[in-house]
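Residue numbers for the sequence shown follow the numbering used here, beginning at 2 and rising by one.
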Amino acid sequence: MTRLTRADLDALPAYVPGRNVADLARELGIAEAVKLASNEVPFGPLPGVAEAIAEAVTQSHRYPDMGVLALRAKLAERLGVDPGRIVTGGGSVALAEHLAKATCLPGDEILYSWRSFEAYPIIATGVGASSIRVPNTPEHGHDLRAMADAVTDRTRLAIVCNPNNPTGTSVRRDELDRFLDAVPDDTLVVLDEAYREFVTDDEVPDGLATYGDRPNVVILRTLSKAWGLAGLRVGYLVAQPAVAAAIRKVLTPFSTSMVAQAAALAALDAEPEVVRRCAVVIAERDRVTAELRKLGADVPTSQANFVWLPLADRSAAFAAACEKRGVIVRPFQGDGVRVTIGTPEENDTFLEAAGEAL
Ligand SMILES: Cc1ncc(COP(=O)(O)O)c(C=O)c1O
2 MTRLTRADLD
12 ALPAYVPGRN
22 VADLARELGI
32 AEAVKLASNE
42 VPFGPLPGVA
52 EAIAEAVTQS
62 HRYPDMGVLA
72 LRAKLAERLG
82 VDPGRIVTGG
92 GSVALAEHLA
102 KATCLPGDEI
112 LYSWRSFEAY
122 PIIATGVGAS
132 SIRVPNTPEH
142 GHDLRAMADA
152 VTDRTRLAIV
162 CNPNNPTGTS
172 VRRDELDRFL
182 DAVPDDTLVV
192 LDEAYREFVT
202 DDEVPDGLAT
212 YGDRPNVVIL
222 RTLSKAWGLA
232 GLRVGYLVAQ
242 PAVAAAIRKV
252 LTPFSTSMVA
262 QAAALAALDA
272 EPEVVRRCAV
282 VIAERDRVTA
292 ELRKLGADVP
302 TSQANFVWLP
312 LADRSAAFAA
322 ACEKRGVIVR
332 PFQGDGVRVT
342 IGTPEENDTF
352 LEAAGEAL
């Protein structure tokens with residue numbers, strides 16, 4: 002048969018989304034499952050967001066502002082940077098794709114720690130780049146020394162996921178300083194900070210405040226998690242102006258939708274509520290971690306809105322046992338299980354299921 006698509010895609014694992022409440026209803030007849038599988042924040046849209054969406058929708062026959070001027074201006078003011086340094090996109094995962102497109106030609110290398118965010122290998126293959134994966138430390142975090150050693154003259158992009166999805170671990174200032182000093186000037190380093198709002202360890206640096214002035218550093222953030230807009234797809238990056246301009250050239254035109262722009266503007270006005278919600282998530286994260294450790298699980302300290310159970314070949318069975326008890330978690334075959342922090346009640350339901358499953 003004539004081959005119409007790239008042969009190398011056959012070997013690429015598909016992105017596996019967290020299973021849904023509807024999946025459990027269909028397969029197990031459980032009507033009201035608790036979903037702790039996709040690192041969402043469970044409290045609904047922020048105040049003002051639904052109204053902003055309703056208003057924006059009245060203009061949905063028009064294209065959105067392609068320059069995303071109002072949102073970029075608001076982000077710029079909040080972050081204390083020039084708007085020209087900001088690029089928005091349909092989720093930060095889309096921006097990671099654009100970064101790869103803007104830096105890599107076939108045969109170039111994208112370096113990252115593994116296990117980390119499962120989109121990275123897909124993004125690398127998408128542009129014909131080789132994935133260079135440096136294994137996590139035994140404590141499930143990035144091995145930045147080994148990553149620095151793995152940089153070659155083909156490394157165009159090095160990604161540091163901080164905190165790391167799915168293990169929740171984070172890298173600290175001194176090791177990140179050393180890493181950034183070691184990486185050559187012509188390798189772009191992406192600090193993927195999708196979970197920055199949940200960080201409480203003072204030694205885990207805010208990438209933008211600490212490294213934003215370095216010419217080869219890009220900070221990737223999202224409004225999907227703490228800001229509650231996962232369903233609308235809006236993320237942003239901050240880069241030096243020339244890098245931002247290059248990324249803008251490969252953006253899908255109009256990819257930050259009109260509704261996403263309006264919702265993001267409204268969400269950014271609700272920062273005190275975001276801070277309050279994050280405090281609840283953080284307290285619950287620490288409680289869930291302590292309870293799981295009491296059950297004997299070797300849970301690494303998380304700085305994100307999820308925790309990691311390194312259950313190796315028991316992962317799939319643990320996730321299936323949780324599902325039978327109406328809780329959807331996210332297994333990574335043969336490696337571990339990631340559990341998103343939900344409401345206190347949802348977490349109690351999970352802890353009960355975990356107590357039985359472990
Ligand atoms: C580390 C990391 N980066 C980026 C993303 C993408 O988020 P979004 O595309 O919703 O902005 C995620 C989502 O799970 C993530 O875990």
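Note that beta-carbon positions come from the ideal geometry of N, C-alpha and C, so glycine has one too.
List the whole-angstrom C-beta distance separating Gly213 from Gly90, where the pair is believed to meet the contact cut-off of C-beta under 8 angstroms.
Between Gly90 and Gly213 the Cβ distance is about 19 angstroms, and since that is not below 8 angstroms, they are no contact.
Report all residues from its chain with a CB closer than 6 angstroms to the CB of Thr170; omit the five preceding and five following residues, and keep chain order.
Answer for Thr170: His141, Gly142 and Pro301, listed in chain order.
Let me know the beta strand (DSSP E) ranges lying completely inside the segment 134-164, each 3 residues or longer, listed in chain order.
DSSP runs (the beta strand (DSSP E)) wholly in the segment 134-164: 156-162.
Pairs of beta-carbons, one from the segment 299-317 and one from the segment 164-184, closer than 8 angstroms: are there three or more?
Result yes; three or more Cβ-Cβ pairs closer than 8 angstroms.
Which word fits Ala284, buried or exposed, when buried means at least 16 other C-beta atoms lie within 10 angstroms of its C-beta?
Burial call: exposed.
Compute every distance between the C-beta of Phe199 and the non-hydrogen atoms of ligand 3, then say whether any falls below 7 angstroms.
Inclusion of ligand 3 in the displayed structure is not the case, the ligand content consisting of ligand 1 alone.
Since Trp228 and Val282 should fall inside the 8 angstroms C-beta cutoff, what is the C-beta to C-beta distance between them, to a whole number of angstroms?
Not confirmed; about 13 angstroms, so no contact.
Around ligand 1, what residues have a beta-carbon under 6 angstroms from a heavy atom of it, in chain order?
This selection yields Asn40, Gly92, Ser93, Val94, Phe118, Cys162, Asn166, Asp193, Ala195, Thr223, Ser225, Ala231 and Gly236.
Within the continuous beta strand (DSSP E) that includes Ile220, where are the two ends?
Element bounds for Ile220: Val218 to Thr223.
Could you give the DSSP three-state label for Tyr237: helix, strand or coil?
In the structure shown, Tyr237 sits in a strand (DSSP, three-state: E or B).
Classify Ala298 as buried or exposed, calling it buried when 16 or more other Cβ atoms lie within 10 Å of its own Cβ.
Answer is buried; the Cβ neighbour count reaches 16.
Starting from Tyr196 and walking both ways along the alpha helix (DSSP H), at which residues does that stretch end?
Unbroken run through Tyr196: none, as it is neither H nor E.
Bridge partners of Trp309, per DSSP?
For Trp309, which the question treats as bridged, DSSP gives the partners Arg339.
Put Tyr113 into one of helix, strand or coil per three-state DSSP.
Three-state DSSP puts Tyr113 in a strand.
Where does Ile31 sit, in a helix, a strand or coil, going by DSSP?
Ile31: coil per DSSP, three-state reduction.
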